[in-house]
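Protein chains in written order, with the working numbering: chain A, -19 to 94; chain B, 4 to 529; chain C, 36 to 145.
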Amino acid sequence: MTQTLAPATSVPVRKPRPSLSWRYRGEVAVRAFAAFAIGYAVAYASTAFLTLVLPLGRNDRVVTASLLCFFVWCGVAMYAFAARTPWRACWAPSLWAIALYGIAASFPELGARP
Amino acid sequence: MKNTFSQAMAWLHTWAGLVIGWLLFVIFVGGTIACFDKELTHWMQPALHGKTPVANIDLSRTIEGLQRIAKPHPHAYYVTLPSERSPALQSAVYYDAGPHDAINIDTSTGQAIPETAGGEFFFTLHYNLHSETWGMYIVGIAGMFMLIAILTGIVIHKRIFKDFFTFRPASGGQRAWLDGHNLTGVLGLPFHLMIAYTGVAIFVANYMPAGLLAAYDGDVEKFYVEASDSYERPETHQPLKSIYPIDKLIADARERLGQPISWVSVHHPDDTSATISFGGDHSRAVAWNFDQVFYDANDGKLLHESGAFKSGYKTYTFLGGLHMAQWGGSALRWLYFVLGLAGCVMIASGMQVWVAKRAKKVAEAGAWSGYGLVQALNLGVVGGMPLASAAMLIANRLIPATMAERASWEIGVFCAVWILASLYAAIPAVRSRGWGHFFAINAVACGLIPLVNLATSPQSHVFATIARGDWALAGVDLTALALCAGFAWFAQHSFAKARQPASVRTGRGRAARGDAVVDDTALADH
Amino acid sequence: MLWLGFSLGVAAWCLLSLGLEKHHQQLFAHAFDPRRGRWLRALGWGLLVLDFALFVAGWGWSQGPVFWCAALMLSALAWTLLMTLAPRASTRIAIASVLSALVLMPVWMG
């Protein structure tokens, strides 16, 4: 795409501008994947989790949890590009998604309580 | 870490903005125009202009009209009564799948009026790019990117208060564009943040099913019945012989709802489970108005009055109402319109900063490189879409009323003009200096709207509408004239700048002399 | 009423920027006094609060704050353009717009 991007490698500092390396493109791709897909997974998991734990009626739990999910997704997306390494950008949010969804899935009756 | 984080967020701000910039521009222009979608629809129905609306409407006859055109097994009939903003009587048949069938009626004659894409075209373009489900998801993704661009923008703009009022148009070139971007971005921040968030929040049920699955096992109907205290009953699969006369129920409905009736609907109209419901409009409060009263379509018996909504759902309807601006009179619609224009400027100037920064590279790269494409796209989208919109309004006045598929022809003109404009923008000589051309063409197109109106529609042109005090109609022509003036000013400015020698134009000299310091994080090489 | 709310917003932003050295220098030749600057800023904030009260009084607690927010954003834009394009006249224009709104108030109310 462009030739002028400062390589946002693991520690983005101002470097002289070499042409884009495949390594750089790969890292951007991994972070973008983390932001988009893993981010959605965390948002999904957090919605399910909040639908479980919020001290509200069923209808209100669903609405509140769902309305908040966009900020969760944004948060993970920002983290994906701020994390020290692209690998960390992937595994840390993934753990969150698994943990939150795991808890939600373990108590289906609680999730469905009126 | 702080420095690194800032730079990462600055990078993300730039690229989140760039990736969806043009798409977002289209969505924003569509939404801004859609502030006045009903007014625009009315403007595009010259058959109704200058007529006095009729007070008593025969709703049963309207329903019969729908029954005549309905395809088998319709989902619901909807009739929207004439209102101040929409004098036509709108009726439609909705189906479980596929587009609806609509008949719009002139109440003074009882006849259908020539169809038009209307202001509704821009509204639909705005929320699903006229691509049903696919489009809704693409728009949602664009909205998420916008949210990220906003949140990262907040994080990186450390000098947010110090630079609050900074605008240096005289600096020329990149600095002026960046100032414009920052100005419209920062000063309009509450609006942009609200619009982006409420925009995605409106479709939350489509974007995030997790809560519904966890708590309701996916039963959408149950959710809405609980949330908005509405009423549903299963189909009986017995054919309904005739729908109870709706006109007999209106007075009772009005009394129970405590507000004027704005719409009527018949759900499952060919089944004995059919219900007739009435509701008011969204103009009385910020939150969407989903209060309804339900009657049995067999015998007119009252079935249910919707009561209190769940508080979470009330919040949701408030967020939706914040976005859609159907309340607060024309004052609020004008405020949103101007703020929307500011948003369009923010997006366009952001794209332009990036393109201008690489202008040198673009010049070196020549005709067929990626940079050239970017420049052409930038010009084609930002310059072409207003042009296509103006062309559609002009086409509305020129396409004969008796033409079949009139609305499709209007939309066809929109698309054709936009494509042609984009092709023009792709010409190498045009794409690097083409802003002046596009501003000028847009000025001409906007100026043509009231002129074509004057030439073709005696009841609709600006002199006639002002004379009888019809300011909603006159407003369209007057806004077109104002936009014409605005585009003309930009065109003149562009041509004047093009005549200046290069060093003065880019303003590098002045910037180097050090005008007020600016947070260069955003200007950093990305 | 909207014009009054809008022009109060412009006045508020005017006061707030006069309280900041950078913009004070943009508009006035004489030196910037930090103490006066604090007073001007306080007055500016106060005017914003007054503006909020005005909008709530006119449009209620639900619609009022939204109108106020919108008016604030647009008046900030207007003030920035005023300061940039017509710096010498800007403060006078801000005062004039508030006065014109106050003068027109009886016309709207009565």
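Ideal Cβ placement from N, Cα and C applies to all residues, glycine included.
Since the structure is predicted, the reported quantities are computational estimates derived from the model, not experimental observations.
Backbone secondary structure at residue i - three-state DSSP
i: Q98 (chain C); result: helix
i: P242 (chain B); result: strand
i: Q532 (chain B); result: With chain B covering only 4 through 529, there is no way to say anything about residue 532 (chain B).
i: D182 (chain B); result: helix
i: Y81 (chain B); result: strand
i: M(-19) (chain A); result: Interpretation of M(-19) (chain A) is limited by its pLDDT of 42, a score under 50 that renders its predicted location unreliable; no figure is taken from the coordinates.
i: K(-5) (chain A); result: Note on K(-5) (chain A): pLDDT 41, under 50, position unreliable in the model; the coordinate value appears next. Coil, per DSSP.
i: A106 (chain C); result: helix
i: W266 (chain B); result: strand
i: G282 (chain B); result: strand
i: Q10 (chain B); result: helix
i: Q114 (chain B); result: strand
i: R88 (chain B); result: coil
i: K313 (chain B); result: coil
i: G512 (chain B); result: Because the pLDDT at G512 (chain B) is just 43, under 50, the model does not fix this residue reliably, and the point stays unresolved.
i: D523 (chain B); result: A caution first: D523 (chain B) carries a pLDDT of 40, below 50, which makes its placement in the model unreliable, though a value can still be read off. Reduced to three states, the DSSP call for D523 (chain B) is coil.
i: V289 (chain B); result: coil
i: Y247 (chain B); result: coil
i: K54 (chain B); result: coil
i: T35 (chain B); result: helix
i: P75 (chain B); result: coil
i: A(-14) (chain A); result: The predicted position of A(-14) (chain A) is uncertain, since its pLDDT is 42 and thus under 50; a value taken from the coordinates is nonetheless stated next. It is coil, neither helix nor strand.
i: R162 (chain B); result: coil
i: S1 (chain A); result: coil
Limits of the unbroken alpha helix (DSSP H) element including residue i
i: N456 (chain B); result: 438 to 459
i: G343 (chain B); result: 332 to 360
i: Q61 (chain C); result: 56 to 62
i: D480 (chain B); result: 474 to 502
i: Y545 (chain B); result: Chain B is shown from 4 up to 529; residue 545 (chain B) falls before or after that span and cannot be answered.
i: D40 (chain A); result: 38 to 62
i: M211 (chain B); result: Unbroken run through M211 (chain B): none, as it is neither H nor E.
i: I60 (chain B); result: Note, I60 (chain B): premise wrong, no alpha helix (DSSP H); not H, not E.
i: H45 (chain B); result: 40 to 46
i: H129 (chain B); result: 123 to 131
i: F148 (chain B); result: 135 to 159
i: D302 (chain B); result: That residue, D302 (chain B), is in no alpha helix (DSSP H); it is neither H nor E in DSSP.
i: T65 (chain A); result: Element bounds for T65 (chain A): n/a, residue is neither H nor E.
Continuous beta strand (DSSP E) stretch holding residue i: start and end
i: Y234 (chain B); result: That residue, Y234 (chain B), is in no beta strand (DSSP E); it is neither H nor E in DSSP.
i: D104 (chain B); result: 104 to 109
i: H307 (chain B); result: 305 to 308
i: H271 (chain B); result: From DSSP, H271 (chain B) is part of no beta strand (DSSP E); its letter is neither H nor E.
i: S26 (chain A); result: Premise fails: S26 (chain A) lies in the alpha helix (DSSP H), 19 to 33, not in any beta strand (DSSP E).
i: T275 (chain B); result: Counting along the chain, T275 (chain B) falls outside any beta strand (DSSP E), and DSSP gives it neither H nor E.
i: Y97 (chain B); result: 92 to 97
i: F297 (chain B); result: 295 to 299
Assumed close pair residue i, residue j - CB separation to whole angstroms, cut-off 8 Å
i: D77 (chain A); j: A15 (chain A); result: Checking the displayed sequence, the identity of residue 77 (chain A) turns out to be Ala instead of Asp. Actually they are not in contact, since the Cβ atoms of A77 (chain A) and A15 (chain A) sit about 13 Å apart, beyond 8 Å.
i: G202 (chain B); j: L128 (chain B); result: Not confirmed; about 14 Å, so no contact.
i: V358 (chain B); j: A394 (chain B); result: Actually they are not in contact, since the Cβ atoms of V358 (chain B) and A394 (chain B) sit about 25 Å apart, beyond 8 Å.
i: L53 (chain C); j: L75 (chain C); result: 5 Å
i: Q329 (chain B); j: S286 (chain B); result: 6 Å
i: A115 (chain B); j: I108 (chain B); result: 6 Å
i: G489 (chain B); j: A429 (chain B); result: In fact, because the Cβ distance is near 25 Å, the residues do not count as touching under 8 Å.
i: M12 (chain B); j: T155 (chain B); result: 4 Å
i: A125 (chain B); j: I30 (chain B); result: Reading off the sequence shown, one finds Phe at residue 125 (chain B), where the question assumed Ala. Rounded, the Cβ-Cβ distance is 10 Å, inconsistent with contact.
i: M108 (chain C); j: P193 (chain B); result: 6 Å
Closer than 7 Å: residue i CB and nearest the ligand MG heavy atom
i: Q262 (chain B); result: Because no ligand of any kind appears in the structure shown, any question about the ligand MG cannot be addressed here.
Practice task
Note down, in chain order, all residues in the region 188 to 216 of chain B with a beta-carbon under 7 Å from any beta-carbon belonging to chain C.
Solution key: Answer in chain order: L190, G191, P193, F194.
Practice task
Could you list the residues in the region 93 to 106 of chain C with a C-beta less than 8 Å from some C-beta on chain B, going in chain order?
Solution key: W94, S97, Q98, V101, F102, C104, A105, A106
Exercise for the section: Identify each residue in the region 331 to 363 of chain B for which the Cβ-Cβ distance to at least one residue of chain C is less than 8 Å, and report them in chain order. Expected result: G331, A334, L335, L338, Y339, V341, L342, A345
Problem - Interface residues of the region 301 to 322 of chain B facing chain A [CB-CB below 8 Å] - result: K313, S314, G315, Y316, T318, Y319, L322
Handout entry: Chain-ordered residues of the region 36 to 50 of chain A with a beta carbon less than 9 Å from chain B
Key = L36, G37, R38, N39, D40, R41, V42, V43, T44, A45, S46, L47, C49, F50
Exercise for the section: Could you name the residues of the region 131 to 155 of chain B whose beta carbon sits closer than 7 Å to any beta carbon of chain A, in the order they occur along the chain? Expected result: For the region 131 to 155 of chain B, the set of positions with a beta-carbon nearer than 7 Å to some beta-carbon of chain A reads M147, L150, I151, L154, T155 in chain order.
Exercise for the section: Identify each residue in the region 429 to 441 of chain B for which the Cβ-Cβ distance to at least one residue of chain E is less than 8 Å, and report them in chain order. Expected result: The question asks about chain E, but that chain is absent: this structure's protein chains are A, B and C.
Problem - Against chain B: residues of the region 36 to 54 of chain C by CB proximity under 7 Å - result: So the close ones are L37, S52.
Handout entry: Against chain A: residues of the region 233 to 248 of chain B by CB proximity under 8 Å
Key = none
Exercise for the section: Residues of the region 11 to 43 of chain B with a CB closer than 9 Å to any CB of chain A: list them in chain order, please. Expected result: A11, M12, W14, L15, W18, A19
Handout entry: Contact residues within the region 69 to 94 of chain C, judged by C-beta distance below 9 Å to chain B
Key = W94
Problem - Short-range partners of chain B found in the region 117 to 130 of chain C, where Cβ spacing is below 7 Å - result: If the cut-off is 7 Å between Cβ atoms, the region 117 to 130 of chain C has M118, T119 near chain B.
Exercise for the section: Check each residue of the region 56 to 68 of chain C: if its Cβ is closer than 9 Å to any Cβ of chain B, include it; give the result in chain order. Expected result: K57, H58, Q61
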